[in-house]
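Sequential numbering from 6 applies to the sequence shown in this note's numbering.
Idealized CB from N, CA, C, for every residue including glycine.
Report on the following structure.
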Amino acid sequence: MVRAERRQLLMCVVGFVCVIAGPSTLQSGETDTWVDNHLDALVELYTHFHTHPELSFQEEQTAKRLAEELGAVGCKVTSDVGGHGVVGILKNGDGPTLMLRCDLDALPVIEETELPYASKVRTKNDDGVEVGVMHACGHDVHITNQVAVARYVSAHRDKWQGTIMFIGQPAEEKGGGAKAMLADGLFERFPRPHFAVALHVDSFTPAGMVGYRGGYALANVDSCDITVKGRGGHGAYPQGCIDPIVQAAQLVVDLQAIVSREISPLEPAVVTVGSIHGGTKHNIIPDTCHLQLTIRSYSPEARQKLKESIIRKANSIAQSYKAPEPEIEYTEGTPSLFNDERLAERLGPVLLDALGEEHVVEADRSMGGEDFSRYGRAGVPIFMYKLGSVEQARLSSFAETGQSVPTLHSSKYYPDIRPTLRTGLLTMTAIVRDLLPPQ
Ligand SMILES: [Zn+2]
Ligand SMILES: [Zn+2]
């Protein structure tokens, strides 16, 4: 078949993609025409989601609209799965089950894009403080893409066979949504998928392009709170005190030696002290000093080693000052995202077929995190790819002036929406047709 001829792709080493040759294969025909005919309606839907963002764990209206849209194309919809999670099942004969995931939540950011449809939403965060709300991570693109795919597959039942499980996942930004949906029986109450696929917009890749890689793609994201303890007193008489500030300062420096001296240089790892707070005044030695760390890694071995080393260093510094034992709260958060290598090997050529080789690039690994990884940890082969989202001319002008383009989570990030939606839909529907072929 044509695909086999076009499969001029070599998967080399672990998940590295080398495009060696091949004709331009920009897909044309029925799917393209359908996408172009429906793009105006999809942009309108995107604008709705963009102007109605909701924070993590508060995605009630977003979930409701997604449920309505999935129901309208014939999905059997279940709401409130793990909070505001939505599951829409579309059956089309016998065949495997494919889970497609989008995430629903926005961020506490005041939008500064100056677009006519910029979000003006304000709300209260968990601490009761008024904040702006913005889809600064592009989850509005993901939701629109989910609806677009549902509309397409519902209208083209001859092009696929099996079951599609559309899920709208809450609270990705807080790393809690996938965990909550799994805990609420996602893979027991609904069909256990044979594959799970998701996309995420990318602010460094031009709209019209996608990037992917097999194997590790995103990091383990752990956090640690350390309360260094001492004995407070007058700043003029340190000999009678145990100073937690000095201990904390030494700890910050010692922590830097973990990645540089204890972890292999070939193993990605990060230990960042993002917050340090202690004391109230120039001349008072406080009783405690509080540090907050983010810790990133890929492998389980590096993850465990970082944890042990951080705890050991915090304890040993306290001992050296004859200080009370520090209070250490270590939280293992989102696990690293490992794209199933066989699935990546299968879907890479599908992306090439859908867009043409010049529109598919190798994605870099990143030390960011994504809780889509949890579905993989639950035993389902997963594949997440990057959807380019920024106009090429805009990327070029930033590059020419030596500026960096606004990244995801920036108040100035915005996607070039038409080509972005178009590319998401072309690739995702191609994936559906490949993984759920009609018999
Ligand atoms: Zn994000
Ligand atoms: Zn995101």
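With a cutoff of 8 Å on beta-carbon distance, Gly284 and Ile250 are scored as near each other.
In the structure shown, Asp345 falls within a coil segment according to DSSP collapsed to helix, strand and coil. The C-beta distance from Ile290 to Gly237 rounds to 5 Å, short enough to meet the 8 Å contact threshold. Note on geometry: alpha-carbon atoms of Lys184 and Gly381 lie some 12 Å from one another. Between the segment 31-46 and the segment 124-143 there are fewer than three C-beta pairs closer than 8 Å, too few to call the two in contact. Spanning the alpha carbons of Val215 and Asn130 requires a straight line of approximately 34 Å. Cys80 has its Cβ no nearer than 7 Å to any heavy atom of ligand 2. For Val40, the enclosing alpha helix (DSSP H) has its first and last residue at 35-56. Exposed is the label assigned to Thr38, since fewer than 16 other Cβ atoms lie within 10 Å of its Cβ. Val158 is positioned such that its CB atom lies closer than 8 Å to that of Leu95. Annotation for Tyr122: Thr52, His55, Thr56 place their beta carbon closer than 8 Å to its own, counting only its chain and skipping 5 residues before and after. For Asp439, the enclosing alpha helix (DSSP H) begins and ends at 422-440. Cβ neighbours of Ala241 within its own chain (closer than 8 Å, five residues either side excluded): Asn288. Judged by DSSP in its simplified three-state form, His140 adopts coil rather than helix or strand. With a beta-carbon spacing of about 5 Å, Ala222 and Leu342 fall inside the 8 Å limit used to define contacts.
Uninterrupted alpha helix (DSSP H) stretches at least 4 residues long and entirely within the segment 299-347 occur at 305-325, given in chain order. Ranked by how close their Cα comes to the Cα of Tyr419, the residues Val40, Val114, Glu405 have Val114 in first place. Under the DSSP assignment, Arg379 falls in the alpha helix (DSSP H) whose first and last residues are 378-382. By the 16-neighbour rule on beta-carbons within 10 angstroms, Val154 is buried. Glu117 and Pro58 have their alpha carbons spaced roughly 15 Å apart. Around the beta-carbon of His239, fewer than 16 other beta-carbon atoms lie within 10 Å, marking it exposed. Straight-line spacing of the CA atoms in Phe403 and His147 works out to 25 Å. Between Ser302 and Pro273, the gap from beta carbon to beta carbon is short of 8 Å.
Taking C-alpha positions only, Gly407 is separated from Leu50 by approximately 35 Å. The closest CA to that of Phe195, considering only Arg308, Ala319, Met186, is found on Met186. Inter-residue distance for Ile315 and Ile263 is about 8 Å (C-alpha atoms, whole angstroms).
With a cut-off of 7 Å, the C-beta of Cys246 is classified as distant from ligand 2, since no heavy atom of the ligand falls inside that distance. Gly90 and Ile169 have their C-alpha atoms spaced approximately 16 Å apart. Taken through DSSP and simplified to helix, strand or coil, Gly100 comes out as coil. Per the C-alpha coordinates, the member of Lys179, Ser394, Arg423, Gly98 positioned closest to Glu375 is Lys179. Sorting Gln66, Gly137, Gln174, Glu119 by C-alpha distance to the C-alpha of Val86 places Gln174 at the top. When distances are taken from the beta-carbon of His144 to the heavy atoms of ligand 2, the shortest one is below 7 Å. Val82 and Arg156 have their C-alpha atoms some 15 Å from each other. Taking 4 residues as the minimum length, the alpha helix (DSSP H) runs contained wholly in the segment 154-196 are 182-188, 191-194, in order along the chain. Taking the Cβ of His55 as the reference point, every heavy atom of ligand 1 lies at 7 Å or farther away. Around Leu120, the same chain offers Tyr419 as residues with beta carbons nearer than 8 Å, after the five sequence neighbours per side are excluded.
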